[in-house]
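Asker: Those letters in the sequence shown? Residues 17 to 176, per the working numbering, in order.
Glycine is no exception: its CB is placed at the ideal position from the N, C-alpha and C atoms.
To start, I am sharing the structure in question, which I have written as structure tokens.
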Amino acid sequence: MNHLILIAEEGERELIAKYLPDNNWDVLVTGVGGINIIRALRDVPRDTHVINIGYAGSANFDIGTLVEVTQVFTNHPNCRFHEPDLVLDGFDDGMFPIANRKAVCYTNSDFVLQSDYKDCVFDMELAYIAAMGFAKTSALKLVSDNLSLHDYHQLTNGVE
């Protein structure tokens, strides 16, 4: 099985060094958002174990909380429609550090500035990654902000 760590932006390499040390996995910088994910991953063999690590927002988790994502959905608060369940693979014992908590992730096409959803994280890539059908998909998200674009920029120097 192939192994690949996915980050959206170059600045997230520091998360690999901190939370996924001593691994020899290849790293791919995908770019932010769904279109960049599809373009970056379209030719990656589906027998690959991918780990997405990156920053995420949360309405109520403390900044700095490390979250192992268990399931991912797209966030479409204005309507409901059926989508397949996207359940992620957990981490094998001893594979990487234990996260502070486990939670679901909602993937959005834009930065989330407000939400009634609690006890979850928000990102812009993970649902697209999980939908591509890799052999194993796992994810760690570090809470960078509490739905504040300003706080996100201060911590990550990320996408404008």
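Consult DSSP for ARG212 and reduce its assignment to one of helix, strand or coil.
Answerer: Only positions 17 to 176 of the chain appear in this structure, which leaves residue 212 out of reach.
Asker: Decide if SER74 is buried, meaning its Cβ has at least 16 other Cβ atoms within 10 Å, or exposed.
Answerer: Against the sequence shown, residue 74 aligns to sequence position 58. SER74 should be labelled buried.
Asker: Cα separation between VAL48 and THR90?
Answerer: Here residue 48 refers to the residue found at position 32 of the sequence shown. Here residue 90 refers to the residue found at position 74 of the sequence shown. Taking the straight line joining both Cα atoms gives about 15 Å.
Asker: So, with DSSP's three-state summary, where would you put ILE114?
Answerer: Locating residue 114 in the sequence shown gives position 98, where the first residue counts as 1. Correct three-state label for ILE114: coil.
Asker: Mind checking which residues open and close the alpha helix (DSSP H) that includes TYR71?
Answerer: Numbered from 1 along the sequence shown, position 55 holds the residue referred to as residue 71. That residue, TYR71, is in no alpha helix (DSSP H); its beta strand (DSSP E) goes 64-73.
Asker: Is there contact here, the region 148-156 with the region 97-106, by at least three beta-carbon pairs under 8 Å?
Answerer: With the cut-off at 8 Å, the region 148-156 and the region 97-106 touch.
Asker: Count the other C-beta atoms from every protein chain shown that fall within 10 angstroms of the C-beta of LEU129, then say buried if there are 16 or more, exposed otherwise.
Answerer: Taking the sequence shown and counting its residues from 1, one reaches residue 129 at position 113. Counting Cβ neighbours within 10 Å, LEU129 comes out exposed, since fewer than 16 surround it.
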